[in-house]
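Numbering (full-length UniProt numbering), first residue to last: 1 to 208.
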């Protein structure tokens, strides 16, 4: 895509249309670059499709943050700009994995099992139903809709994004925020005390 003055201005302002265009134009090429790097021997974990997708989404999530958007001048090839961010993401993930033994993936929070069987089992407990209602009452209208779409109806992230008029990256970040807040809320009530968040993942305390 071409970075004329108007496109750059709207990109820096966070126009959803421009962000979507940037993602469509660069997501697949970046995925190919990362996959090629993995098969050349760098960051071999990216040979796993889920690892590749998570890294791709995290890269765009950081690239679309206000400070990062403002830092792009429209002259440097955006693919190179993205690749620099991706390298930082991969290096940070590598450092975290050196410190953490076993982690619970972002998408697998509802499958995380502690002594009480994990969040999925906890949410089946009638005692928690009232707490969950209190938690949802504190959400904004958009957050409540996202919560119902993803956790109540089981709608895919892409479909939830369409329903909310957001990008998938925006949905992913807001969903993670909801999960983190819900985890903190439940922990304050005595549930899932063996889990904590770091970055985009959930870890068991004492697993470091």
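All C-beta atoms, glycine included, are put in the ideal place defined by N, C-alpha and C.
Between which residues of its own chain and residue i is the CB-CB distance below 8 Å, once the five residues before and five after are set aside?
| i | result |
| --- | --- |
| residue 157 | 150, 168, 171, 172, 175 |
| residue 68 | 62, 85 |
| residue 40 | none |
Report the three-state DSSP secondary structure of residue i (helix, strand or coil).
| i | result |
| --- | --- |
| residue 189 | coil |
| residue 78 | helix |
| residue 3 | coil |
| residue 163 | helix |
| residue 124 | With a pLDDT of 46 at residue 124, under the threshold of 50, the modelled position of that residue is not reliable, and the figure given next carries that caveat. Reduced to three states, the DSSP call for residue 124 is coil. |
| residue 15 | coil |
| residue 40 | coil |
| residue 65 | coil |
| residue 130 | helix |
| residue 92 | helix |
| residue 156 | coil |
| residue 73 | coil |
Measuring only the C-alpha atoms, how far is residue i from residue j?
| i | j | result |
| --- | --- | --- |
| residue 9 | residue 84 | 22 Å |
| residue 53 | residue 31 | 8 Å |
| residue 77 | residue 160 | 31 Å |
| residue 43 | residue 134 | 43 Å |
| residue 87 | residue 130 | 44 Å |
| residue 152 | residue 79 | 37 Å |
| residue 19 | residue 28 | 15 Å |
| residue 22 | residue 16 | 10 Å |
| residue 65 | residue 94 | 22 Å |
| residue 105 | residue 49 | Residue placement at residue 105 is flagged as unreliable, the pLDDT there being 39, under the threshold of 50; a coordinate-derived value is accordingly withheld. |
Taking 6 Å as the limit between beta carbons, can you name the residues of its chain near residue i, skipping five residues before and five after?
| i | result |
| --- | --- |
| residue 51 | 45 |
| residue 12 | 69, 70 |
| residue 3 | 74 |
Return the Cβ separation of residue i and residue j in integer angstroms, given the expectation that the two are a contact with Cβ distance under 8 Å.
| i | j | result |
| --- | --- | --- |
| residue 164 | residue 146 | 6 Å |
| residue 90 | residue 55 | 6 Å |
| residue 24 | residue 38 | At roughly 23 Å, the Cβ-Cβ gap does not stay under 8 Å, so residue 24 and residue 38 are not in contact. |
| residue 178 | residue 143 | 6 Å |
Can you name, in chain order, every residue of its own chain whose Cβ lies under 7 Å from the Cβ of residue i, other than the five neighbours on each side?
| i | result |
| --- | --- |
| residue 82 | 26, 30, 59, 63 |
Tell me, please, whether the CB atom of residue i is closer than 7 Å to any CB atom in chain D?
| i | result |
| --- | --- |
| residue 43 | Here chain D cannot be found, since the structure has a single protein chain. |
Report yes or no: do the region 61–76 and the region 180–191 share at least 3 C-beta pairs separated by less than 8 Å? no
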